[in-house]
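**Student:**
Shown next as structure tokens:
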């Protein structure tokens, strides 16, 4: 969110009109619609991230987070990624916080679920699925193998369905010996409000 906001400001302001500072704990933006393909290995993870400094050439990019804003004094306190604290003065403050993964109140989800908002989480998910496939291939216990080849995706929206489809394709390509099938003739999307 911050990258798009800074791009808009950068395009509207002439060079030297103002200094734009972007503060973000991630110095790259993740293009989230490509995360399922990156998790499945359809595209390389490097194609999913955009370094902020490459795109925001006229902006100062600070790896860190804003810890305090004093509107009366036009000062923002920033803790950078190295742990150092710095104060930055401003004329105009634009807050573009973006989003974070929300853990739904489903028993076991916080302990066993894998969030899916970052490239690191996509790579972790891919490695986890591949290790389950390898363990299933090595197992002689049919019940354990079935458990290792069963995956649950929580979220039936665009992202959840795409993750399911991409990982199922990856599993089919990788698991030459064992079929990875949904529990019924077609995947089920179950609606539940939280």
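In my numbering, the protein residues as written are 422 to 615. C-beta: ideal position from N, C-alpha, C; glycine also.
I need the DSSP call for residue 615, collapsed to helix, strand or coil.
**Tutor:** As a working mapping, residue 615 is identified with position 194 in the chain shown. Note that residue 615 scores a pLDDT of 45, beneath 50, so its modelled location is shaky and nothing firm can be said.
**Student:** Within its chain, find whatever has a CB closer than 7 Å to the CB of residue 511; leave out the 5 residues flanking it on each side and keep chain order.
**Tutor:** Within the chain shown, numbered from 1, the residue matching residue 511 stands at position 90. Around residue 511: 495 and 497.
**Student:** Less than 6 Å between C-beta atoms, sequence neighbours within five positions excluded: which residues of the same chain meet that for residue 543?
**Tutor:** Counted from its first residue, the chain shown places residue 543 at position 122. Correct list, in chain order: 456, 459 and 460.
**Student:** Got a sec, what are the start and stop residues for the beta strand (DSSP E) residue 561 sits in?
**Tutor:** Stepping through the chain shown from its first residue, residue 561 is reached at position 140. First-last for residue 561: undefined, no H or E at that position.
**Student:** Could you check which residue in 517, 486 and 519 has the C-alpha nearest to that of residue 505?
**Tutor:** As a first step, residue 505 must be located in the chain shown, where it is residue number 84. Closest option to residue 505, Cα to Cα, is 486.
**Student:** To the nearest angstrom, report how far apart residue 552 and residue 462 are at their CA atoms.
**Tutor:** The residue you call residue 552 lines up with position 131 of the chain shown. The residue you call residue 462 lines up with position 41 of the chain shown. If I take the Cα positions, the gap works out to 14 Å.
**Student:** Given this structure, state the Cα-to-Cα distance separating residue 398 from residue 501, to the nearest angstrom.
**Tutor:** Since the first residue shown for the chain is 422 and the last is 615, residue 398 is missing from the structure and cannot be characterised.
**Student:** I need the boundaries of the alpha helix (DSSP H) containing residue 589, first residue and last residue.
**Tutor:** Here residue 589 refers to the residue found at position 168 when the chain shown is read from its first residue. Start and end: 579–595.
**Student:** Taking the beta carbon of residue 424 as the centre, do at least 16 other beta carbons fall within 10 Å, making it buried, or is it exposed?
**Tutor:** In the chain shown, counting from the first residue as 1, residue 424 sits at position 3. Label assigned to residue 424: buried.
**Student:** Between residue 483 and residue 499, is the Cβ-Cβ spacing less than 8 Å?
**Tutor:** If you number the chain shown from 1, residue 483 lands on position 62. If you number the chain shown from 1, residue 499 lands on position 78. Closer than 8 Å, so yes.
**Student:** Taking only runs of the beta strand (DSSP E) that begin and end inside the segment 490–523, which ones reach a length of at least 3 residues, in chain order?
**Tutor:** 496–501 and 506–510
**Student:** Quick check: the segment 524–543 against the segment 571–582, are there 3 or more CB pairs under 8 Å?
**Tutor:** yes
**Student:** Ignoring anything shorter than 3 residues or poking outside the segment 438–463, list the beta strand (DSSP E) runs there in chain order.
**Tutor:** 441–445 and 449–451
**Student:** Residue 510: beta carbon under 7 Å from a heavy atom of the ligand FAD?
**Tutor:** Looking for the ligand FAD in the displayed structure turns up nothing, as the structure carries no ligands at all.
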